[in-house]
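Working notes for the structure below.
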Amino acid sequence: MPRKLTKPNDIKIFILYLMERMGYPLDYDTITSIIIQDDIVNYFDFAQCFGELEDAGHVEKIAPDAEDVKPKYRVTKTGRAVAEGLNSVIARTVKDKGYRSALRHMSLAKRGAVVDQTIRLEGEGVLFKGTIKDPKGLQLEVSIRTDNEYQLKQMQSVFADRPEVILKGITALLTGDLDFVFGAGNDE
Numbered sequence: 443m444p445r446k447l448t449k450p451n452d453i454k455i456f457i458l459y460l461m462e463r464m465g466y467p468l469d470y471d472t473i474t475s476i477i478i479q480d481d482i483v484n485y486f487d488f489a490q491c492f493g494e495l496e497d498a499g500h501v502e503k504i505a506p507d508a509e510d511v512k513p514k515y516r517v518t519k520t521g522r523a524v525a526e527g528l529n530s531v532i533a534r535t536v537k538d539k540g541y542r543s544a545l546r547h548m549s550l551a552k553r554g555a556v557v558d559q560t561i562r563l564e565g566e567g568v569l570f571k572g573t574i575k576d577p578k579g580l581q582l583e584v585s586i587r588t589d590n591e592y593q594l595k596q597m598q599s600v601f602a603d604r605p606e607v608i609l610k611g612i613t614a615l616l617t618g619d620l621d622f623v624f625g626a627g628n629d630e
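Under the numbering used here, residues 443 to 630 are what the sequence shown spells out, in order.
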């Protein structure tokens, strides 16, 4: 599992790297989601580092146009040079996991879906709850109790990394699509 980034410079490089790889301006909420979703960066570190990137001129705010409600941000030429020059500081596994997760998040996000998960103590175990909501309403809500910490971490990781596969898999199980469950479902 990729390590957690705690050094401000590493976090800033990671933010610039992912924003640049996405290839188009993003609103603040989307940037926040793609950066913190794998728990590689915590929210408070992200918020502080993002503000510093904007203050330093590595990220710039684009005024919303008629279609956009929220302002968007993009990496500046200076930020791009920093990201390209220093991205080798961040482990490849961290960058790859972050980028794959960002792409998955964005494909759901383009449909307007929001992926969320919560955990809470339940008896002698922990209740994991994962949801996928889109503009039409709740797409998926799944809850499962576990008393095994390893199992909980796996549930959190897989739900964050592959929500579309979870949705397809549960749909396949409930509709009896055994080809997906036991065969073709392995290749997204």
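Where is the CB? At the ideal position from N, CA and C, for every residue including glycine.
Reference residue i, options the options, closest by Cα
| i | options | result |
| --- | --- | --- |
| Glu566 | Thr588, Thr472, Gln559 | Thr588 |
| Phe570 | Asp558, Ser549, Pro450 | Asp558 |
| His500 | Ala489, Gln490, Lys512, Arg516 | Arg516 |
| Met461 | Glu494, Tyr541, Arg445, Asp452 | Tyr541 |
| Ile478 | Val524, Val536, Ile561 | Val536 |
| Ala525 | Ser599, Arg463, Phe488, Asp603 | Arg463 |
| Phe492 | Gly527, Ile453, Gly465, Leu528 | Ile453 |
| Ile561 | Gly527, Gly618, Val584 | Val584 |
| Val600 | Ala489, Gly572, Arg553 | Gly572 |
| Glu606 | Asp619, Arg553, Ile586 | Arg553 |
Short Cβ contact (8 Å threshold) for residue i with residue j
| i | j | result |
| --- | --- | --- |
| Ala551 | Thr472 | yes |
| Leu447 | Val483 | yes |
| Ile532 | Ile455 | yes |
| Ala555 | Asp538 | no |
| Asp480 | Lys512 | no |
| Leu582 | Leu609 | yes |
| Lys514 | Pro467 | yes |
| Ser530 | Ala602 | no |
Cross-strand partners of residue i (DSSP beta bridge)
| i | result |
| --- | --- |
| Arg587 | Leu569 |
| Gly579 | Asp576 |
Handout entry: Within the stretch 507-576, ranges of the alpha helix (DSSP H) (whole runs, at least 4 residues)
Key = 519-528, 534-552
Practice task
Check whether the stretch 516-531 touches the stretch 484-494, taking contact to mean three or more Cβ pairs, one atom from each stretch, closer than 8 Å.
Solution key: no
Handout entry: Length at least 4, wholly inside the stretch 460-515: the alpha helix (DSSP H) runs in chain order
Key = Entirely contained in the stretch 460-515, the alpha helix (DSSP H) runs reaching 4 residues are, in chain order, 470-478, 485-497.
Exercise for the section: Indicate whether the contact test is met: 3 or more Cβ pairs, each with one atom in the stretch 461-476 and one in the stretch 590-602, closer than 8 Å. Expected result: no
Handout entry: Three or more C-beta pairs below 8 Å linking the stretch 540-548 and the stretch 495-505
Key = no
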